[in-house]
Amino acid sequence: MKKQDPSTLYGVIGLGRFGTALVKTLTEAGKEVIAIDKNEEKVREVRSYTDYAFVVDNLSETALKETGMQNCGTVTICIGEQIDMSILTTMLVIKLGVPNVIAKATSEVHGEVLKRMGATVVYPEADMAVRIGRRLIFGNLLDYVALADGVEVRRIAVGGHVVGRSIQELDVRRVYGINIIAVERDGRTDVEFTANYRFSQGDTIAVIGKIDKIDRFEKELQD
């Protein structure tokens, strides 16, 4: 593999449903991805997305180096079901000096071990359950990204008393303690809107703030 800017090169270890979906998402966004798994059939499936898909039977430090995993800016370990292998592989990837290591966990205990090693932990099944639950609770919630310290970015469909009012009139920063960071209209996203922007039915806004404050805003949006 030719030398890459580490910030643009991603590694995915383990090609189950989660890992395979991650490879497809990254490559469709134009990212270079190194993908490895011990199952030849799974590796073959992702070769239509990346040229750097390898069958690796033994996840040793040497084997990882041979694939070029140490050149990645971010590596995601997607082998949460095999807890011992997940922990060992996470340790090896961190040892290789990869700056951003993300590891899939299947339990809080598993996740706590990975965190103590220095990895960022994800719980795919639990995260999806929360995402679906939020969509059921808030009918106008389109999507969200959970950040640290109880902060989220959410996309919310405009409706109710917001329609026809301007950003300045809503004054969400003072009233709710949240910020509007983008406005979507007619398939276009605007991040340089002014306080005089007036909302129309069908607009979508992206807001950032503490979860409880966004929840309050959404509840009042529906009233």
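Numbering (numbering that gives the first Met the number 0), first residue to last: 0 to 222.
Ideal placement from N, C-alpha and C gives every residue a C-beta, glycine not left out.
Because the structure is a prediction, the values reported are computed rather than measured.
Checklist entry - DSSP beta-bridge partners for Ser47? => result Note: Ser47 sits in no beta bridge, so no partner.
Checklist entry - Taking the alpha-carbon positions, what's the Val157 to Thr26 distance? => result 32 Å
Next on the checklist: Between Thr49 and Val22, how many whole angstroms is the CB-CB distance? I'm expecting something under 8 Å.
Outcome noted: 6 Å
Next on the checklist: Report the CB separation of Gln165 from Ala205 in whole angstroms; it is logged as a contact under 8 Å.
Outcome noted: Sequence check: residue 165 is Ser here, not Gln. Not really, about 17 Å apart at Cβ, beyond 8 Å.
Next on the checklist: Just to confirm, is the Cβ distance from Val54 to Lys37 under 8 Å?
Outcome noted: yes
Checklist entry - For Asn178, does the three-state DSSP call read helix, strand or coil? => result strand
Next on the checklist: I need the straight-line Cα distance from Asp185 to Ile86, nearest angstrom please.
Outcome noted: 46 Å
Checklist entry - Which residues share a DSSP beta bridge with Gly245? => result Any question about residue 245 goes unanswered here, given that the chain covers just 0 to 222.
Item to check | 7 Å Cβ shell around Ile213 - same chain, five flanking residues per side excluded | outcome: Glu151, Arg153, Ile177, Val206
Checklist entry - Going by alpha carbons, who is nearest to Gln81 out of Tyr175, Gly201, Gly13? => result Gly13
Item to check | Residue range of the beta strand (DSSP E) that includes Glu31 | outcome: 31-36
Checklist entry - When you compare only the Cα positions, how much space is there between Glu183 and Glu124? => result 29 Å
Checklist entry - Within this structure, are the beta carbons of Ala104 and Val120 separated by less than 8 Å? => result yes
Next on the checklist: Under DSSP, the alpha helix (DSSP H) around Gly18 begins and ends at which residues?
Outcome noted: 16-27
Checklist entry - Using the beta-carbon count (16 or more within 10 Å), is His109 buried or exposed? => result buried
Item to check | Contacts around Ala181, its chain only, beta-carbon distance under 6 Å, and the 5 residues preceding and following it disregarded | outcome: Thr188, Val190, Ala205
Item to check | For Leu253, the three-state DSSP class (helix, strand or coil) | outcome: For residue 253 there is no data in the structure shown, the boundaries of the chain being 0 and 222.
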